[in-house]
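Residue numbers (our numbering), protein chains in the order written: chain D, 1239 to 1445; chain Z, 531 to 837.
From the three backbone atoms N, C-alpha and C, an ideal C-beta is built for every residue, glycine too.
These notes concern the structure reproduced below.
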Amino acid sequence: MYKKVFFKFFIKPFILLITGMLIKGKENIPKNEPYLIIANHNSHLDILAIMSMYKSSELINVNPVAASDYFFKNKYLKWVSLNLIGIIPINRKIKREGNAHPLDEVYRKIEEGKTLIIFPEGSRGEPEQLQKFKNGIGHIAKKYPDLKILPIILENAGKALPKNEALFVPLIIKIEIKEAFTFNCLNLDIKNFVQKLEENFKKDNNE
Amino acid sequence: MNILNESIFTTFIVIFSILIVAFIIIKYLQQKNDKPYIELFDRTKSWFYMILIFAFTVFLNNIIAMIFFALLSYLALKEYFTLIPTRLTDRRIIFYGYLVIIIQYYLAYIQWYELFIICIPVYLFLLLPFRQILIGDTNGFINNTSKVQWGVMLFVFAISHVAYLLMLPSIDFITGAMMVLYLIFLTELNDILQYVCGKSFGKRKIIPKVSPNKTVEGFLGAMFLTTILAVVFSYLTPFTTLEAIGAGLIINIGGFIGDVVVSMVKRDVGVKDASNMIAGHGGIIDRVDSLTYTAPLFFHYVYYLYY
């Protein structure tokens, strides 16, 4: 509820008027089935830009996966992340805690049919530069081999609001939505699969 | 409430009549040739909305008008900065580029002519290199500082002349708002006429390297028609017939150059349209390109003759 109002009256007007978006390949978004969005990560604007593509009513089902060690740093940030953005927290620091797996929460949400946004780079890197993908995305894809994975390439968000900078400089965010694919249709093991994903992003960045 | 001014109101009725005729012609063509003409229809529809927004912001209240033009500058500048390659270290001076929009339009609003005319060409010009020194990235310094200054000159300084024109005191019932309508109406019509004349009987290319669609016939045809229209609509200005012919030529030639200069920028970075903000038209830059030249030229023409 808070989330819907927050996006409709604050985030969307801000993204559309102040920064602006240029979306390519909107027809590639799968319809009537859950899917996983993977995107390159350079800025806090990434999440907001991707979520602004959706209608406010659809946003309830779109959740970004984010690091709890960063977003739960203080109670205000925690409240905003959980209630206004609706993040699914994962802890990057703790590997395993008893029987619980760090990705359990992610699996549960996928089974609930939510659309998840994952940044396989793990954290925001240098603007407009790709970091090595983490393997987590491979594990998720292997567990759900028929789940559609939708690569989204973001440009300029890292220049508008880079990591460790407070000054926001408006630039139009370019979003390119590629064709979706599943783990099954590539037929690779986890490591190669992740590498393949990474190449997908690299090729386009060099174009 | 400038829109209630008799001359302005009449002109808007003329403009909307032209649009309605255009819609009827498109519908007729669609039925006759059994083709959808999607692009032409989209364009005309966008014109309709643009004129509606223009009419109800610029001619309602002067403060709203200032905000409208400042926003126009902002959107154009943002498209420009997105188009051109920039370094990360230029973020600071790009920010100053945006910031100066507010100052420039405020100066236009309070009619402080001297500062308005030197704020960007002198003070911003001196400030940007200074800020670059503090950042200290010497690689590509001249290149990138110039890029920012040039964009601000074109999309803020040039376009803000329209805002200054709007605020000018009236001379014998001729208000600044009437001349703004005259300038923008003729500039945009000149764009359309160049396109239509070029499509109808264009043969010889005028500058094939920069803009292959521009022809000598289109340019001359538009020159002839724009000059006639400049005389017809001169009831919006204090001009004599001879002065109106001069204004028509300024708008025609200036509009052509502005259009081509922005094409040159887009060709340099290798895109056709700056963005997809206006359906059928491309970006804001593609719409205000001619105005970047006609606005200062027309303003100084009026200012020299009457103020």
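Does the beta carbon of residue i sit closer than 8 Å to a beta carbon anywhere in chain Z?
i: I1410 (chain D); result: yes
i: N1278 (chain D); result: no
i: L1405 (chain D); result: yes
i: N1394 (chain D); result: yes
i: K1397 (chain D); result: yes
i: P1400 (chain D); result: yes
i: P1302 (chain D); result: no
For residue i, tell me which candidate among the options has the shortest Cα-Cα distance.
i: S690 (chain Z); options: Z:T822, Z:L549, Z:S537; result: Z:T822
i: Y610 (chain Z); options: D:I1410, D:L1322, D:I1275, D:F1419; result: D:I1410
i: N532 (chain Z); options: Z:L766, Z:P826, Z:G785, Z:E718; result: Z:L766
i: S1281 (chain D); options: D:P1365, D:S1290, D:L1260; result: D:P1365
i: Y1240 (chain D); options: D:N1299, D:K1262, D:A1277, D:N1321; result: D:N1321
i: A825 (chain Z); options: Z:G810, Z:M709, Z:I814; result: Z:M709
i: L1286 (chain D); options: D:I1328, D:K1242, D:N1266; result: D:K1242
i: I781 (chain Z); options: Z:L658, Z:F687, Z:T717; result: Z:T717
i: D1284 (chain D); options: D:K1262, D:I1348, D:I1253; result: D:I1253
i: R661 (chain Z); options: Z:W642, Z:G776, Z:F763, Z:R621; result: Z:R621
i: D702 (chain Z); options: Z:F715, Z:N669, Z:F769; result: Z:F769
i: I543 (chain Z); options: Z:I614, Z:L582, Z:Y558, Z:Y653; result: Z:L582
i: S1290 (chain D); options: D:L1255, D:E1349, D:V1344, D:Y1273; result: D:L1255
i: Q679 (chain Z); options: Z:I665, Z:P659, Z:I663; result: Z:P659
i: G800 (chain Z); options: Z:I538, Z:F599, Z:V740; result: Z:V740
i: F589 (chain Z); options: Z:M807, Z:P615, Z:I787, Z:G706; result: Z:G706
i: F685 (chain Z); options: Z:Q724, Z:R734, Z:V726, Z:L607; result: Z:L607
i: K557 (chain Z); options: Z:F731, Z:K575, Z:T540; result: Z:K575
i: F1248 (chain D); options: D:P1358, D:S1294, D:I1267; result: D:S1294
i: L1341 (chain D); options: D:F1310, D:I1328, D:E1349; result: D:I1328
i: A1379 (chain D); options: D:I1288, D:Y1345, D:K1370; result: D:Y1345
i: M807 (chain Z); options: Z:I597, Z:F786, Z:I555, Z:L605; result: Z:L605
i: K1372 (chain D); options: D:P1358, D:K1381, D:D1384; result: D:P1358
i: D1307 (chain D); options: D:N1301, D:L1315, D:V1300; result: D:L1315
i: V791 (chain Z); options: Z:G751, Z:V818, Z:F731; result: Z:V818
Please state the DSSP three-state secondary structure of residue i.
i: Y1273 (chain D); result: strand
i: E1393 (chain D); result: strand
i: N1402 (chain D); result: coil
i: M1259 (chain D); result: strand
i: K1412 (chain D); result: strand
i: V754 (chain Z); result: Val is not the amino acid found at residue 754 (chain Z); the sequence shown has Phe there. If DSSP states are grouped into helix, strand and coil, F754 (chain Z) belongs with the helices.
i: N1301 (chain D); result: strand
i: K1242 (chain D); result: helix
i: L1368 (chain D); result: coil
i: P1251 (chain D); result: helix
i: N1444 (chain D); result: For N1444 (chain D), the pLDDT reaches just 46, beneath the cut-off of 50, and the residue's location in the model is therefore unreliable, although a value from the coordinates is still provided. Correct three-state label for N1444 (chain D): helix.
i: I556 (chain Z); result: helix
i: T745 (chain Z); result: strand
i: L698 (chain Z); result: coil
i: L656 (chain Z); result: helix
i: G812 (chain Z); result: strand
i: L1385 (chain D); result: coil
Does residue i have its Cβ less than 8 Å from a Cβ in chain D?
i: T770 (chain Z); result: no
i: R661 (chain Z); result: no
i: T612 (chain Z); result: yes
i: S805 (chain Z); result: yes
i: K608 (chain Z); result: yes
i: L645 (chain Z); result: no
i: L618 (chain Z); result: yes
Counting along the chain, where does the beta strand (DSSP E) carrying residue i start and finish?
i: I1356 (chain D); result: 1353–1356
i: I1326 (chain D); result: 1326–1328
Residue i lies in the alpha helix (DSSP H); which residues open and close that run?
i: N1422 (chain D); result: 1421–1424
i: V682 (chain Z); result: 671–682
i: M1455 (chain D); result: With chain D covering only 1239 through 1445, there is no way to say anything about residue 1455 (chain D).
i: V1318 (chain D); result: Note, V1318 (chain D): premise wrong, no alpha helix (DSSP H); not H, not E.
i: V726 (chain Z); result: 706–731
i: K608 (chain Z); result: 592–613
i: L835 (chain Z); result: 821–836
i: Q634 (chain Z); result: 621–640
i: L534 (chain Z); result: First-last for L534 (chain Z): undefined, no H or E at that position.
task: Pull out every residue of the stretch 1242–1276 of chain D whose Cβ sits closer than 9 Å to any Cβ of chain Z, in chain order.
output: Taking 9 Å as the Cβ-Cβ cut-off against chain Z, the residues of the stretch 1242–1276 of chain D that qualify are L1255, I1256, T1257, G1258, L1260, I1261.
task: Closer than 8 Å, Cβ to Cβ, to anything on chain D: give me those residues from the stretch 620–631 of chain Z, in chain order.
output: Of all residues in the stretch 620–631 of chain Z, R621, R622, I624, F625, Y628 have a Cβ within less than 8 Å of some Cβ in chain D.
query: Taking a cut of 9 Å between CB atoms, which residues from the stretch 1358–1372 of chain D lie near chain Z?
result: Going along the stretch 1358–1372 of chain D in chain order, one finds E1364, P1365, E1366 with a Cβ nearer than 9 Å to chain Z.
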